[in-house]
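Asker: To start, I am sharing the structure in question, which I have written as structure tokens.
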Amino acid sequence: MMDLLEYQAKDLFQEIGIPVLASQRIERPSDIKSLRIPYPIALKSQVHIGGRGRLGGVRFVSNTIDAIAAAHAIFNLAIMGEYPKVLLAEEKYEAQQELFLAVVLNRSIRRPVLLGSAQGGIDVQNAIEEIQHVVVDQEFSPFYARRLALKMGLQGQLINSVSDIIEKMYRLFLDKDLDLIEINPLGVSATGEVMALDGKVTVNDSALGRHPILAALDDRLDKKLTLDRFPEVLTTIHPEGQIGILCNGAGLTMATMDLVSQSSGKIQHFLNIGGETYYNWQPEVLCQRLEKGLELVSRNKQIKVILINILSGAVPCDAIAQTIAKFLSRPPAPIKAVNHSTDDIRISRGASAPKVVVRLLGARLTEAKEMLSTTQAMFIGDLDEAVEKTVTLAKR
């Protein structure tokens, strides 16, 4: 699948009538001098990875000097290994409320699904249980959009405003053969005005032949999608950290890291193995990336505990559990130690493997729990409890 950048997604929003803020592309810091948008503004890194705000990829500035300095900093800031080729300068918007909206193709039931939550923004992953959904099981009508707005708990004129946005999102979803369209957040002002403050669009590769304008946005070098976006050397968060984190999705990864840090846990490494909608992966690909991620993180013998936190949709939890069980059943790799006085090599198997704490959410959860009960992994359904257990084990 091809993920569009935010400014590209917002161009589509504007065409279909979804309100967006006045903005301007910045291809180099000097472009700030010809800015046509009044200050204060937001400068936003245009990368394909979520969680930019937490990592310094979004900055608010109120004058030209600060804007040029911020642009230099953002252009030289890698978000999960990706440097931006362009920034988006956008009006600053005062939102009284932030909502989450999405239309996604559910491959398991082969139907579009409308998603919505009254709690959006960077913390939407923390409220994953509150996301409402409506399956479009017949020909689409405004009834589906209004039903989702009501399930989200919206009231008054906001029901009509949000329903209108959902209808336009669905129309765009069909017209462009999309696999995902997401607005997070949809800002609501004090006067009830709604505004798409951020957007994500995933295009189906098989449909690019029918949409030459979208195909022209494809900047992938080989025009093919690969599975290998893992770093060979992991980023060290804390040099004395004893915890490794594996999650799927940038938002979930950042939220999990925050919870561990707030519980006084020291993180050595983290790894986002990728969300299920990021590319056109088959279900087994998530398990393959989990297995590879476990191999990468467990290489560091300083890590005492690995926390796995995965929210799955198309991939059942027991498939994920099977991958973890398979990894844990491997015999420990021998560690070669060189005796420098005699130059002989001794084989040691005394290194202890890290503890593994697992938190899963998705289909076939009971089967996954039963499968992990026969391994050394500790299955904990509540995220707060899983984090607490992880930090406790690391401190022992």
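-1 is the number of the first residue of the sequence shown in this note's numbering; add one for each residue after it. The beta carbon of each residue, even a glycine, is placed where N, CA and C say it ideally should be. Keep in mind it's a predicted model, so treat the numbers as computed, not measured.
(1) Residue 407 lies in the alpha helix (DSSP H); which residues open and close that run?
(2) For residue 106, tell me which candidate among 312, 155 and 359 has the shortest Cα-Cα distance.
(3) Alpha carbon to alpha carbon, how far is residue 363 from residue 74?
(4) For the 8 angstroms Cβ check, are there 3 or more pairs between the segment 153 to 166 and the segment 62 to 81?
(5) Just to confirm, are residue 356 and residue 370 a CB contact at a threshold of 8 angstroms?
(6) May I ask you to report which of helix, strand or coil DSSP gives residue 194?
(7) Please report the residue range of the alpha helix (DSSP H) in which residue 169 lies.
(8) Got a sec? Which residues, its chain only, sit under 7 angstroms from residue 14 by beta carbon, not counting five neighbours each side?
(9) What did DSSP end up calling residue 87 once you bin it into helix, strand or coil?
(10) Return the residue from the list 53, 104 and 30 that minimises the CA-CA distance to residue 61.
(11) Considering only C-alpha positions, which residue in the set 242, 55, 308 and 367 is nearest to residue 316?
(12) State the beta-bridge partners of residue 181 as determined by DSSP.
(13) Rounded to whole angstroms, what is the Cα-Cα separation between residue 222 and residue 202?
(14) For residue 405, does the count of other Cβ atoms within 10 angstroms reach 16, so buried, or fall short, so exposed?
(15) Looking only at its chain, what residues have a beta carbon closer than 8 angstroms to the beta carbon of residue 445, apart from the 5 residues adjacent to it on each side?
(16) Tell me which residues share the same chain as residue 101 and place their Cβ nearer than 7 angstroms to its Cβ, disregarding the 5 neighbours each side in the sequence.
(17) Pick helix, strand or coil for residue 340, following the three-state DSSP scheme.
(18) Tell me which residue opens and which closes the beta strand (DSSP E) that residue 395 is part of.
(19) Got a sec? Which residues, its chain only, sit under 7 angstroms from residue 91 by beta carbon, not counting five neighbours each side?
(20) In whole angstroms, what separates the C-alpha of residue 33 from that of residue 183?
Answerer: According to the structure data:
(1) It is not possible to answer for residue 407, since the shown part of the chain is limited to -1 through 394.
(2) 312
(3) 42 angstroms
(4) no
(5) yes
(6) strand
(7) 155 to 173
(8) 166, 169 and 170
(9) strand
(10) 30
(11) 367
(12) 99 and 197
(13) Caution applies to residue 222, whose pLDDT of 37 falls short of 50 and renders its modelled position unreliable; the model cannot decide the point.
(14) Shown here, the chain extends from -1 to 394; a query on residue 405 therefore has no answer.
(15) Because the chain here runs from -1 to 394, residue 445 falls outside it and cannot be looked at.
(16) 110, 112, 167, 168, 171 and 179
(17) Confidence in residue 340 is poor, its pLDDT being 41 and thus under 50, which makes the residue's placement too unreliable to answer from.
(18) Given a span of -1 to 394 for the chain in the structure shown, any question on residue 395 remains unanswerable.
(19) 19, 185, 193 and 195
(20) 25 angstroms
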